[in-house]
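**Student:**
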Amino acid sequence: MISGPALVLGDDVNTDELHPSRFYSLDDATVRAGFLGAVGPEKRGIRTPSLASPRGSAAEEVPVGPVVVAGANFGVGSSRETGARVFLLAGVRAIVARSFARIFFRNASNLGIPVFVCPELVAPAPGDVVLVDLERGEVRCGGRTFPIAPPDAYWAAVCAAGGLARYLGLEPVAAGDRAAS
Amino acid sequence: MSTLTARLLARAPAPADGLPKMPPDSAYRWVEPHLVLGHEATIALLIERLRRAGKRIRYPERCFFAADHFTPPATAERAGILKKYLEFVEDEGVPQRHLFQGISHQLMVEDARCLPGAVIVGADSHTTMAGALGAFAAGFGSTDILAVLATGAVAIRVPEAIRVRWTGALHRACSGKDLALDLMRRFGEGGAAYRALEFVDSTDSRICMADRLTVCNLAVDAGAKNGVVIPDEVTLDWLRARDGHAPALDGLGPGDDADYADTLDLDVTSLEPLVARPGSPADVIPAREASQEKLHQVFIGSCAGGRFEDLRDAAEVLRGHRVRPTLRLVVTPASQAVYRRAVREGVVEVLIEAGAMVTASACGACGGIDKGLLADGEVCISTSNRNFRGRMGSTEARIYLASARTAAASALAGRVVDPREFTP
Numbered sequence: 080m081i082s083g084p085a086l087v088l089g090d091d092v093n094t095d096e097l098h099p100s101r102f103y104s105l106d107d108a109t110v111r112a113g114f115l116g117a118v119g120p121e122k123r124g125i126r127t128p129s130l131a132s133p134r135g136s137a138a139e140e141v142p143v144g145p146v147v148v149a150g151a152n153f154g155v156g157s158s159r160e161t162g163a164r165v166f167l168l169a170g171v172r173a174i175v176a177r178s179f180a181r182i183f184f185r186n187a188s189n190l191g192i193p194v195f196v197c198p199e200l201v202a203p204a205p206g207d208v209v210l211v212d213l214e215r216g217e218v219r220c221g222g223r224t225f226p227i228a229p230p231d232a233y234w235a236a237v238c239a240a241g242g243l244a245r246y247l248g249l250e251p252v253a254a255g256d257r258a259a260s
Numbered sequence: 005m006s007t008l009t010a011r012l013l014a015r016a017p018a019p020a021d022g023l024p025k026m027p028p029d030s031a032y033r034w035v036e037p038h039l040v041l042g043h044e045a046t047i048a049l050l051i052e053r054l055r056r057a058g059k060r061i062r063y064p065e066r067c068f069f070a071a072d073h074f075t076p077p078a079t080a081e082r083a084g085i086l087k088k089y090l091e092f093v094e095d096e097g098v099p100q101r102h103l104f105q106g107i108s109h110q111l112m113v114e115d116a117r118c119l120p121g122a123v124i125v126g127a128d129s130h131t132t133m134a135g136a137l138g139a140f141a142a143g144f145g146s147t148d149i150l151a152v153l154a155t156g157a158v159a160i161r162v163p164e165a166i167r168v169r170w171t172g173a174l175h176r177a178c179s180g181k182d183l184a185l186d187l188m189r190r191f192g193e194g195g196a197a198y199r200a201l202e203f204v205d206s207t208d209s210r211i212c213m214a215d216r217l218t219v220c221n222l223a224v225d226a227g228a229k230n231g232v233v234i235p236d237e238v239t240l241d242w243l244r245a246r247d248g249h250a251p252a253l254d255g256l257g258p259g260d261d262a263d264y265a266d267t268l269d270l271d272v273t274s275l276e277p278l279v280a281r282p283g284s285p286a287d288v289i290p291a292r293e294a295s296q297e298k299l300h301q302v303f304i305g306s307c308a309g310g311r312f313e314d315l316r317d318a319a320e321v322l323r324g325h326r327v328r329p330t331l332r333l334v335v336t337p338a339s340q341a342v343y344r345r346a347v348r349e350g351v352v353e354v355l356i357e358a359g360a361m362v363t364a365s366a367c368g369a370c371g372g373i374d375k376g377l378l379a380d381g382e383v384c385i386s387t388s389n390r391n392f393r394g395r396m397g398s399t400e401a402r403i404y405l406a407s408a409r410t411a412a413a414s415a416l417a418g419r420v421v422d423p424r425e426f427t428p
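Protein sequences appear in the order of chains A and B.
Each residue of the first sequence is one higher than the one before, starting from 80 at the first, in the numbering used here.
Each residue of the second sequence is one higher than the one before, starting from 5 at the first, in the numbering used here.
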């Protein structure tokens with residue numbers, strides 16, 4: 080079971096919005112500062128007042144340990160993996176979306192970020208608790224229950240290993256340390 | 005299913021040893037690409053991880069590594085990232101001849117190894133461009149590329165495919181960018197998600213390779229895993245000009261039994277110059293219907309729109325005219341080879357006369373990296389592939405996407421115009 084307050088985003092939220100390229104860096108603090116750095120008002124339903132200021136960093140306003148709840152085609156755009164890695168750095172526990180852009184889905188899964196495709200998902204109010212029930216294969220939020228589309232067996236294996244590098248034995252499996260750099 | 009994409013993936017070398025056995029009920033399989041495209045911005049993210057794993061690049065000769073994002077570097081931090089990357093290239097024995105020669109995707113298609121039948125993976129989303137030559141080419145993130153470098157293989161599923169067949173004749177004022185924006189308009193940003201786009205050119209006018217490259221470049225922006233043009237006489241003629249010879253195309257088309265998820269027949273005759281409005285490459289309207297807002301910058305460059313043909317189209321419009329002094333006209337040739345040819349054929353001279361600033365061949369303004377970023381409230385028309393919020397600097401800037409011809413006419417008008425209707 081994974082749970083956390085909902086951080087709600089819209090459809091077609093792209094990587095330049097999720098993580099503007101000026102925050103590309105090998106330094107974690109710089110990468111972290113760019114989280115949701117250019118998500119416009121039309122694509123956010125989150126209680127992050129600083130986002131009202133377009134150039135403001137949303138970092139301080141993200142609830143602790145959120146579950147991102149998003150619409151269709153989440154993470155469309157660049158392959159820059161900093162755009163997925165920033166979700167780890169921001170302490171995001173899982174990303175649930177109606178659908179994902181292909182490269183973002185791979186990047187997040189490869190980094191060990193739990194991602195779930197939930198085609199019928201309806202977003203709850205920002206901050207509402209989202210429960211991802213892995214055993215029953217469903218997401219519960221906003222008083223409703225939504226089935227998770229079963230992942231391909233390959234992605235299930237990568238996810239179970241905590242990411243691709245661990246699945247391939249390129250990085251050690253360390254409990255409580257999902258933040259592969 | 006014997007789509008061309010399925011056939012291409014079946015041609016990849018046998019998977020390396022040392023990989024986990026693919027779960028039996030998975031649709032994925034391990035694929036060894038012939039070529040692995042990389043550049044400093046995405047490869048730098050995996051260098052330490054490869055080192056810590058105690059691994060070296062398994063097949064350095066398959067690496068096609070460019071330096072195009074932070075080149076030449078605009079900040080000390082980015083100089084440091086580039087330095088780290090160049091040391092990695094030296095240490096690993098990766099071929100160095102592509103470094104500083106331009107944008108990776110353009111260099112890939114200029115290279116004699118980029119051929120129909122090749123399987124190419126790249127650490128960049130616009131790797132899809134090489135599909136214009138009849139290759140399988142798809143973009144991946146750094147961890148997938150880490151796996152490819154360490155093991156030689158990456159997990160790929162044969163995607164469903166959508167067949168797009170063009171007929172008719174393309175208007176002279178239109179180019180590949182208009183074809184691409186037409187597809188973006190039809191598919192939306194995710195309409196081709198996880199699928200292959202397989203293009204058949206049945207036009208009377210024939211779509212030139214430069215235009216095909218732009219279409220396959222933007223395939224990823226419609227969500228596609230790859231875009232591929234079924235190789236034909238245009239492909240062979242282009243390869244003969246590039247290499248002095250052309251390969252046989254046996255088996256490099258879809259089978260008669262190819263099973264397409266969808267088919268789109270498009271008569272391009274009625275296509276007109278298009279623009280994508282700020283915020284989404286799929287928010288496409290005819291250029292003649294664009295708003296009258298004042299342009300502050302015109303960018304002609306990028307892997308999508310910085311080829312010789314783009315510069316030539318722009319020069320044709322700009323010849324003998326000059327943009328207003330307060331408008332920034334930034335031109336970035338997609339590669340040094342493109343730059344050289346544009347100098348040789350007098351195109352650069354025309355552009356400079358028109359007021360252009362010609363910058364080094366690199367990603368530059370397109371990725372919001374350097375040399376042409378936008379301030380709050382500024383408006384730009386660009387021949388690149390993405391106009392997302394904040395893409396080229398300020399989140400309060402507005403970016404239109406268009407062909408080079410439309411961008412050049414708009415530069416002279418100072419607002420977005422249809423190049424057919426605008427006479428300076």
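Using N, Cα and C, we set each Cβ at its ideal position, and we do this for glycine too.
#1: How should residue 100 of chain B be labelled, buried or exposed, when 16 other C-beta atoms within 10 angstroms of its C-beta is the threshold for buried?
#2: Kindly indicate which three-state DSSP category residue 227 of chain A falls into: helix, strand or coil?
#3: If you count every other CB in all the chains shown that lies within 10 Å of the CB of residue 295 of chain B, and 16 or more means buried, which is it?
#4: When we look at the beta-carbon of residue 55 of chain B and count the other beta-carbons within 10 Å, is it buried (16 or more) or exposed?
#5: Which class does residue 51 of chain B belong to by DSSP, given the choice of helix, strand or coil?
#6: Could you say which of B:362, B:353, B:330 and B:324 lies nearest to residue 3 of chain B if we only look at CA atoms?
#7: Just the chain B side, please: which residues come within less than 7 Å of residue 96 of chain A by C-beta, in chain order?
#8: By alpha-carbon positions, which one of A:81, A:82 and A:104 ends up nearest to residue 373 of chain B?
#9: Output, in sequence order along the chain, the residues in the stretch 183 to 202 of chain A whose CB is closer than 7 Å to any CB in chain B.
#10: Pop quiz: residue 252 of chain B and residue 243 of chain B are said to be a contact at Cβ under 8 Å. What is the actual Cβ separation, rounded to whole angstroms?
#11: How would you label residue 80 of chain A, buried or exposed, when you count the other beta carbons within 10 angstroms and need 16 or more for buried?
#12: Show which residues of chain B have a CB atom less than 8 Å away from the CB atom of residue 229 of chain A.
#13: In chain B, which residues lie less than 8 Å from residue 181 of chain A when you measure between Cβ atoms?
#14: Does DSSP classify residue 361 of chain B as helix, strand or coil?
#15: In chain order, which continuous runs of the alpha helix (DSSP H) of length 4 or greater are located wholly inside the stretch 113 to 182 of chain B?
#16: Distance check for residue 230 of chain A and residue 240 of chain B, CA to CA, integer angstroms please.
#17: Determine which residues of the stretch 83 to 110 of chain A have a Cβ less than 9 Å from any Cβ of chain B, and write them out in chain order.
#18: Quick one: give me the first and last residue of the alpha helix (DSSP H) that residue 199 of chain A is part of.
#19: Only counting the same chain, and skipping five residues up and downstream in sequence, which positions put a Cβ closer than 7 Å to that of residue 143 of chain B?
#20: Taking only beta-carbon positions, decide if residue 27 of chain B is within less than 9 Å of chain A.
#21: Decide if residue 120 of chain A is buried, meaning its Cβ has at least 16 other Cβ atoms within 10 Å, or exposed.
#22: So that I know if they touch, is there some Cβ in chain B lying closer than 9 Å to that of residue 250 of chain A?
#23: Who are the neighbours of residue 281 of chain B on chain A, taking C-beta pairs under 7 Å?
#24: Is residue 194 of chain A near residue 187 of chain A, with beta carbons less than 9 Å apart?
#25: So residue 280 of chain A is in the beta strand (DSSP E); what residue range does that whole segment cover?
#26: Nearest to residue 81 of chain B by CA position, among A:249, A:224, A:106 and A:225, is which residue?
#27: Is there a Cβ of chain A sitting closer than 9 Å to that of residue 128 of chain B, yes or no?
#28: On a Cα-Cα basis, can you pick out the residue from B:113, B:42, B:411 and B:226 that is closest to residue 327 of chain B?
#29: Looking at the secondary structure, which residues open and close the beta strand (DSSP E) in which residue 186 of chain A lies?
#30: Can you tell me where the alpha helix (DSSP H) with residue 208 of chain B in it begins and where it stops?
#31: In chain order, what residues of the same chain have a beta carbon less than 6 Å from the beta carbon of residue 315 of chain B, not counting five sequence neighbours either side?
#32: Ends of the alpha helix (DSSP H) at residue 32 of chain B?
#33: Can you tell me which of B:358, B:365, B:403 and B:388 puts its alpha carbon nearest to the alpha carbon of residue 380 of chain B?
#34: Three or more C-beta pairs closer than 8 Å, one from the stretch 155 to 162 of chain B and one from the stretch 29 to 39 of chain B: is that the case here?
#35: Residue 218 of chain A touches chain B at which residues, Cβ-Cβ below 7 Å?
#36: Taking the C-alpha atoms as reference points, what is the distance between residue 232 of chain B and residue 31 of chain B?
**Tutor:** So, from the listed chains and residues:
#1: For this step, residue 100 of chain B is matched to residue 96 along the second sequence. By the 10 Å Cβ count, residue 100 of chain B comes out exposed.
#2: As a position in the first sequence, residue 227 of chain A is number 148, starting the count at 1. It is coil, neither helix nor strand.
#3: One-based indexing of the second sequence puts residue 295 of chain B at position 291. Residue 295 of chain B comes out exposed.
#4: As a working mapping, residue 55 of chain B is identified with position 51 in the second sequence. Classification for residue 55 of chain B: exposed.
#5: Here the question's residue 51 of chain B lines up with position 47 in the second sequence. Note: residue 51 of chain B maps to helix in three-state DSSP.
#6: Any property of residue 3 of chain B remains undetermined from this structure, which presents chain B solely from 5 to 428.
#7: Numbered from its first residue, the first sequence carries residue 96 of chain A at position 17. The answer, in chain order, is 392, 393 and 394.
#8: By one-based count along the second sequence, residue 373 of chain B stands at place 369. The candidate whose alpha carbon is nearest that of residue 373 of chain B is A:104.
#9: Under the 7 Å Cβ criterion, the stretch 183 to 202 of chain A contributes 185, 186, 189 and 190.
#10: For the purposes of this step, residue 252 of chain B is taken as the residue at position 248 of the second sequence. For the purposes of this step, residue 243 of chain B is taken as the residue at position 239 of the second sequence. Their Cβ separation, rounded to whole angstroms, is 11 Å, which puts residue 252 of chain B and residue 243 of chain B out of contact at 8 Å.
#11: In the first sequence, the residue the question calls residue 80 of chain A occupies position 1. Taking a 10 Å sphere around the C-beta of residue 80 of chain A, we find fewer than 16 other C-beta atoms and assign the residue as exposed.
#12: For the purposes of this step, residue 229 of chain A is identified with residue 150 of the first sequence, where counting begins at 1. Per Cβ cutoff of 8 Å: no residues; residue 229 of chain A is ~10 Å from chain B at best.
#13: For the purposes of this step, residue 181 of chain A is identified with residue 102 of the first sequence, where counting begins at 1. Chain B residues near residue 181 of chain A: 197, 198, 227 and 229.
#14: If you number the second sequence from 1, residue 361 of chain B lands on position 357. It is a strand residue.
#15: Runs found: 146 to 155.
#16: As a working note, residue 240 of chain B is residue 236 in the second sequence. As a working note, residue 230 of chain A is residue 151 in the first sequence. Cα to Cα, residue 240 of chain B sits roughly 41 Å from residue 230 of chain A.
#17: Against chain B - using a Cβ distance shorter than 9 Å - the residues of the stretch 83 to 110 of chain A are 90, 91, 93, 94, 95, 96, 99, 100, 101, 103, 104, 105, 106 and 109.
#18: Translated into positions along the first sequence, residue 199 of chain A becomes position 120. Note, residue 199 of chain A: premise wrong, no alpha helix (DSSP H); not H, not E.
#19: As a working note, residue 143 of chain B is residue 139 in the second sequence. The residues are 126, 128, 129, 130, 131, 132 and 224.
#20: For the purposes of this step, residue 27 of chain B is identified with residue 23 of the second sequence, where counting begins at 1. Closer than 9 Å: yes.
#21: Counting from one through the first sequence, the residue named residue 120 of chain A turns up at place 41. Classification for residue 120 of chain A: exposed.
#22: Residue mapping note: residue 250 of chain A aligns to position 171 of the first sequence, counting from 1. Output row for residue 250 of chain A: interface = yes.
#23: In the second sequence, residue 281 of chain B corresponds to position 277, counting from 1. Correct list: empty, because the minimum Cβ distance to chain A is about 14 Å.
#24: In the first sequence, the residue the question calls residue 194 of chain A occupies position 115. In the first sequence, the residue the question calls residue 187 of chain A occupies position 108. It is a contact, given that the beta carbons lie within the stated cut-off.
#25: Outside the shown range of chain A, which is 80 to 260, sits residue 280 of chain A, and nothing can be said about it.
#26: Sequence index remark: in the second sequence, residue 81 of chain B carries index 77 (1-based). Measuring from the Cα of residue 81 of chain B, the nearest candidate turns out to be A:106.
#27: The residue you call residue 128 of chain B lines up with position 124 of the second sequence. Cβ-Cβ to chain A under 9 Å: yes for residue 128 of chain B.
#28: Locating residue 327 of chain B in the second sequence gives position 323, where the first residue counts as 1. For residue 327 of chain B, the closest alpha carbon among the candidates B:113, B:42, B:411 and B:226 is that of B:411.
#29: Start at 1 with the first residue of the first sequence, and residue 186 of chain A comes out as number 107. Per DSSP, residue 186 of chain A lies in no beta strand (DSSP E); the unbroken alpha helix (DSSP H) holding it starts and ends at 181 to 189.
#30: Locating residue 208 of chain B in the second sequence gives position 204, where the first residue counts as 1. Here residue 208 of chain B belongs to no alpha helix (DSSP H), and DSSP marks it neither H nor E.
#31: As a working note, residue 315 of chain B is residue 311 in the second sequence. Within the same chain, and ignoring the five residues on either side of residue 315 of chain B in sequence, the residues whose Cβ sits closer than 6 Å to its Cβ are 346 and 351.
#32: Counting from 1 along the second sequence, the entry for residue 32 of chain B is found at position 28. Note, residue 32 of chain B: premise wrong, no alpha helix (DSSP H); beta strand (DSSP E) at 32 to 35.
#33: By one-based count along the second sequence, residue 380 of chain B stands at place 376. Comparing C-alpha distances from residue 380 of chain B to each of B:358, B:365, B:403 and B:388 shows the shortest one belongs to B:403.
#34: Contact holds: three or more Cβ-Cβ distances are below 8 Å.
#35: As a position in the first sequence, residue 218 of chain A is number 139, starting the count at 1. Within 7 Å Cβ-Cβ: nothing; residue 218 of chain A doesn't reach chain B, min ~20 Å.
#36: Along the second sequence, read from residue 1 onward, the residue named residue 232 of chain B stands at position 228. Along the second sequence, read from residue 1 onward, the residue named residue 31 of chain B stands at position 27. Near 21 Å, if we compare the C-alpha coordinates of residue 31 of chain B and residue 232 of chain B.
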